[in-house]
Amino acid sequence: MIAGINFPALSIIVFLPIIFGVVLCLIPERYKNLTLPIAIIGSVLTLLLALLLWSDFDATSGALQMVERFSWIQLLNIEYYLAIDGISLPLILLTTITTIIIIVTADRTIEDFKLYLALFLLLEGILIGVFAAQDSILFYLFWELSLIPLLLLIGIWGGERRKYAAIKFFLYTFFGSVLMLIALIYLGSNSGSFAIEDLTIKGISPFYQQLLFMFFLIAFAIKVPMWPVHTWLPDAHVQAPTGGSVILAAVMLKLGGYGMLRFNLPIFNSVSADFAMFVIVLSLIAIVYISFVALSQKDMKSLIAYSSIAHMGFVTLGIFVIFQFKPFDADTAALAINGAVFQMVSHGLISAALFLGVGYLYKLTGTKMIADFGGVAQKAPVFAAFFVFFAFANVALPGTSGFVGEFLVIIASFRANFLIALISALTMVLGASYTLFMIKRVIFGPVTTDAVSRVKDICFIDKCIYGFIAVLVLLLGLRPVILIEMFQPVVEKIIKLAI
Amino acid sequence: MERELPAFTILAPEIFLLASAVVILIADLFLKGKQKIISYWMSVAAILATIIITVIAQIGCDDVILSGTYKADIFGVVLKVTILFIVAGVFIYSRTYLQVRELLKGEYFILAIMGTLGMMILVSAHSLITIYLGIELLSLSMYALVVYCREKNSSIESGIKYFIMGAVASGILLFGMSLIYGVAGSLNIFEIREALMTTKAIPLSIPFGLTLMVVGVAFKFGAVPFHMWVPDVYHGSATAVGLYVGTAPKIAAFALAMRLLVEGFDAIHTQWADIFIVLAILSSIVGNLVAITQHNIKRMLGYSAVAHIGFILLGFVTGVTDVTNGYLSSMFYVIVYSIMAAGAFGIVIFLSDKGYESGEIDDFKGLHKRNPWCAFIMLLIMLSMAGIPGTAGFYAKFLIIQSVLDAEMLWLALLFVIFAVVGAFYYLRIVKCMYFDNAYKEKLPDSRFEFRILLGVNGLVILGFGIFPEGMISLCRMALL
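In order, the protein sequences belong to chains A and B. Its first residue numbered 8, the first sequence is counted upward by one per residue in this note's numbering. Its first residue numbered 5, the second sequence is counted upward by one per residue in this note's numbering.
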């Protein structure tokens, strides 16, 4: 602890980007030039605030910090309750970093640029709100609100089938959310409080416990997304504008895993164990089957989207594999969940960079089809070097952050069952094949098509952005402890509650 | 005889509204052409004055006056003030629409005011006879309003449909009332309640009459299977009339159910609640599914109203439990719904201002580019109708689901939220048209100042109730104590 923060830092970090977003919307047409500077100021201020939170954060404690708790709707027992712990903080940092990246690299030539940036700032505030909310109804409020900016982003600036993709995305997630709402209200009435830490299943019949667990699981599984409720994701990714894909892959997908750690594990201890095998099997299907699907993709964005689903399989596997340990071992369990959380952050960085790269190529060439490319390395060597680096990180090359999460989860899985570990380790081969297959066809070889001849190398700002992400990926890959020590105490607390 | 004088001070708002209707009726005879706008201003002023008089005369009252036929209480004040505010909003929204079509005449306002008077009587009715009088005053005004635009064939068709079905429903309601009167020996709601409490063996004619009355109530709500008139009236009548029919009368129907069924037949709650479950489920299923296939925005709003009524009826099913109060949920829901519906119709009326009848959902295409402010308010209303948190519609659904879960009916809550997702689809379709599709019409001209202010306030109220619903909820709670 450097200096105790005396002001409501969390409220400010949630509402600052939202206020900036609203201000952006209201800028009159003749001051159009101010749009980008204001957006950048807003996002940088938010990042600085997030860093301030980090500097003031006590990583040795698993307790909630920077608590702001007021009664909001007294009649319904709903509170305005913001606080962070070691799992929220890395995800908040990830959100702020991603938003800056999106805003700096945004394509200025698109129509209604003002609204485009404003929606990202709104989304940033809302997503930070999801990670900071400790009252379940407040959590639900931010959770649902996060759909709307993205719905508009995909629908207004998306590709050819954007309307279909936007509505599919919304309805899929909305379906999961309303089930979660029922579960939240039921638990809240049962517990006499909507604060997440107070929710309890004591006194509910076993059948209802399982039902409520399923409601949460469905809501989060759709968000992760797990097989077989993943079908919205490739559509949303392929159709979304570059920035939309980046925030979707980097942060939105993490909401599912975050929700499981916040709700399913601590609240439904014994019930989680009943369903653990079910979730593990789904995760393994995601890892193996979806990897094969990725192998057959013709569109780069859709390939990375499927690869995201496969990687998120490790998050769900890591979270639920702890119930299969025989005998139970708290240290190995901590290893598994640390791996899962680490994977969330690392995948956020890597997939953001990959989508950014594809977006860059698409802007120059107007195509995302793998077949239209070849020999990008000759036209844009620096870009190609970065893209290959992130592709290797996606393959989980040791030394990059992609390796750490998957490795921890696989190691821990051996404790549960050799077969689970074996199947999940297949990702090392499959991930390498689809990623490198894409790299070979897109980056290397001779320049064969007109599209590629239009490719230029990236500008200085883009080099800085890619370089920054690359440094983070390497840093986390070489010294993962920076991140792990942040959430280790919380993970231990969750395991204690879960078992 | 001492009782008589205070009785009439309590009745001041109703008397004032009736008197202003008469004054406007006479004044309108002397106004020609453009001067008719004076009737409009007089009507708005009369409604706003009635709000003030209602608050002064009836707040803090808890009296049953006029030999037990009229009850003045907080419940009445809250609902009357809401109804009056909404009717004033309806007038302001309708002004340009009526002017362009040369329909801005005294008749529209007088009929609407008489209907409002009917609603006010209904809200305060405490005897079967006053209830029936209120219903008839409201219904007859609405029958005439629906055919107000009499050049249009669809308007006449829907008016006749509405009239025939409405007359049958009123007859059924009256038949039910007569059976109840036959057994209970009184028209007074309180005495009927006492009679039911004391009777050990309830004779068969009570549930029989009750069922017939529930049919009448369901018709006024527009619940499935008594919903046939709703889409036709919304679609066929002039938009200004649809705006009137689709908003305030829902609150009156809620008051009807409260006064008649809840206050009178609380003792046999389960008997009518079971019918309400069926009505609610059917309304939600039919309303949501059929709304998907509509091309006309007014028809879609009609079916969406049916779906919302399903939610409102759920609150009556659960009734009062230890923790939650289903009637409170319904009351909050119906108020919020009327405000949302007023806003939605306000936008439809705005789009059809220039002598052109908007109605197709396609007319919303590219609204974001043509008029961003309007599109934003409509976005807010659609999200609120879909029940997205941050808007009033969320807490409306929240309260209902909470009371359903509290009554241990998880399956019912599940069914309703799943159909809420189905409902979200057609609300999203409007959002899609406004934001994702390209405009094929020119930019919209700005509307009148008062219209824009009202639209802004309407959106703000939806947002405000969505973020700070406590004030409204506690008001509803006070009203029901």
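Glycine included, every Cβ here is placed at the ideal spot set by N, Cα and C. Nothing here was measured: the structure is a model prediction, and the numbers come from that model.
Contact list for the region 21 to 55 of chain A against chain B, Cβ threshold 7 Å: Of all residues in the region 21 to 55 of chain A, none has a Cβ within less than 7 Å of some Cβ in chain B.
Coil, strand or helix - residue 331 (chain A) by DSSP: Here DSSP, grouped into helix, strand and coil, assigns residue 331 (chain A) to helix.
Neighbour flag for residue 479 (chain B) against chain A, beta carbons, 8 Å: Chain A contact via Cβ: absent.
Where residue 105 (chain B) falls: helix, strand or coil (DSSP): In this structure, residue 105 (chain B) counts as coil in the three-state DSSP scheme.
Stretch-stretch touch, CB-based, cutoff 8 Å, three pairs: the region 211 to 222 of chain A with the region 70 to 81 of chain A: Not touching, per the Cβ criterion.
Near-chain B residues of the region 119 to 136 of chain A - C-beta to any C-beta below 7 Å: Listed in chain order, the positions of the region 119 to 136 of chain A with a beta carbon within less than 7 Å of a beta carbon of chain B would be empty, since no residue qualifies.
Stretch-stretch touch, CB-based, cutoff 8 Å, three pairs: the region 221 to 239 of chain B with the region 278 to 293 of chain B: The region 221 to 239 of chain B vs the region 278 to 293 of chain B: in contact.
Inter-residue Cα distance where the pair is residue 35 (chain B) and residue 24 (chain B): Straight-line Cα distance between these residues: approximately 16 Å.
Cβ-Cβ distance between residue 263 (chain A) and residue 285 (chain A) below 8 Å: Not in contact: residue 263 (chain A) and residue 285 (chain A) (Cβ atoms no closer than 8 Å).
Residue 76 (chain A): first and last residue of the uninterrupted beta strand (DSSP E) it sits in: From DSSP, the beta strand (DSSP E) with residue 76 (chain A) extends over 72 to 80.
Within-8 Å CB hit, residue 96 (chain A) to chain B: For residue 96 (chain A), the closest Cβ of chain B is not nearer than 8 Å.
Alpha helix (DSSP H) runs wholly inside the region 100 to 171 of chain B, at least 4 long, in chain order: Here the runs fully enclosed are 110 to 128 and 132 to 150.
CB contact below 8 Å: residue 485 (chain B) versus chain A: By this cut-off, residue 485 (chain B) is not an interface position.
Three-state secondary structure assigned by DSSP to residue 300 (chain B): Note: residue 300 (chain B) maps to strand in three-state DSSP.
Entirely enclosed beta strand (DSSP E) segments - the region 278 to 345 of chain B, minimum 3 residues: With a minimum length of 3 residues, no continuous beta strand (DSSP E) run stays inside the region 278 to 345 of chain B.
Length of the line joining the Cα atoms of residue 89 (chain B) and residue 55 (chain B): Cα-Cα distance, rounded: 8 Å.
Any C-beta of chain A under 8 Å from that of residue 439 (chain B): Yes, its Cβ sits closer than 8 Å to a Cβ of chain A.
Same chain, Cβ closer than 6 Å to residue 398 (chain A), five either side skipped, listed in chain order: For residue 398 (chain A), where only same-chain residues beyond five positions count, the Cβ hits under 6 Å are 442 and 446.
Coarse secondary structure for residue 462 (chain A), derived from DSSP in three states: In the structure shown, residue 462 (chain A) adopts coil according to DSSP, grouped into three states.
Opposing strand residues paired with residue 89 (chain A) [DSSP bridges]: The bridge partners DSSP lists for residue 89 (chain A) are A:75 and A:140.
Cβ of residue 76 (chain A) within 8 Å of any chain B Cβ: Chain B contact via Cβ: absent.
Segments of 4+ residues assigned as alpha helix (DSSP H) that fall wholly inside the region 177 to 249 of chain B: Scanning the region 177 to 249 of chain B from its first residue to its last, the whole alpha helix (DSSP H) runs of 4-plus residues come out as 193 to 202, 209 to 225, 233 to 240 and 243 to 249.
Under 8 Å between C-beta atoms of residue 506 (chain B) and residue 399 (chain B): Residue 506 (chain B) lies beyond the residue range present for chain B, which begins at 5 and ends at 485; the question has no answer from this structure.
Nearest-angstrom Cβ-Cβ length linking residue 389 (chain B) and residue 253 (chain B), presumed shorter than 8 Å: Their Cβ separation, rounded to whole angstroms, is 18 Å, which puts residue 389 (chain B) and residue 253 (chain B) out of contact at 8 Å.
Residue range of the alpha helix (DSSP H) that includes residue 431 (chain B): Counting along the chain, the alpha helix (DSSP H) containing residue 431 (chain B) begins and ends at 414 to 435.
For residue 350 (chain A), the nearest candidate out of A:331, A:332, A:317 and A:335 (CA to CA): Checking every option, the nearest Cα to that of residue 350 (chain A) belongs to A:317.
Distance, residue 162 (chain A) Cα to residue 57 (chain A) Cα: Between residue 57 (chain A) and residue 162 (chain A), the C-alpha separation is close to 30 Å.
Option in B:221, B:41 and B:251 with minimal Cα separation from residue 344 (chain B): Comparing Cα-Cα distances from residue 344 (chain B) to each of B:221, B:41 and B:251, the minimum goes to B:251.
Where residue 151 (chain A) meets chain B, residues with beta-carbon distance less than 7 Å: 392 and 393, listed in chain order.
Alpha carbon of residue 187 (chain B) to alpha carbon of residue 67 (chain B), nearest angstrom: Roughly 26 Å between the two C-alpha positions.
Cross-chain neighbours of residue 409 (chain B) in chain A, by beta carbon under 8 Å: In chain order: 189, 192, 193 and 196.
Within 8 Å, strictly: CB atoms of residue 316 (chain B) and residue 334 (chain B): Yes, the pair counts as a contact, with Cβ atoms nearer than the cut-off.
Residue 417 (chain A) versus residue 409 (chain A) - alpha carbon distance: About 13 Å.
Buried versus exposed call for residue 154 (chain B) [16 or more other C-beta atoms within 10 Å across all chains shown]: In the assembly as shown, residue 154 (chain B) is an exposed residue. Its beta-carbon has fewer than 16 other beta-carbons within 10 Å.
Interface flag, residue 465 (chain B) vs chain A, CB-CB below 8 Å: It does not; no Cβ of chain A falls within 8 Å.
Rounded Cβ spacing between residue 247 (chain B) and residue 94 (chain B) (contact assumed at less than 8 Å): The Cβ separation is near 5 Å, so the contact holds.
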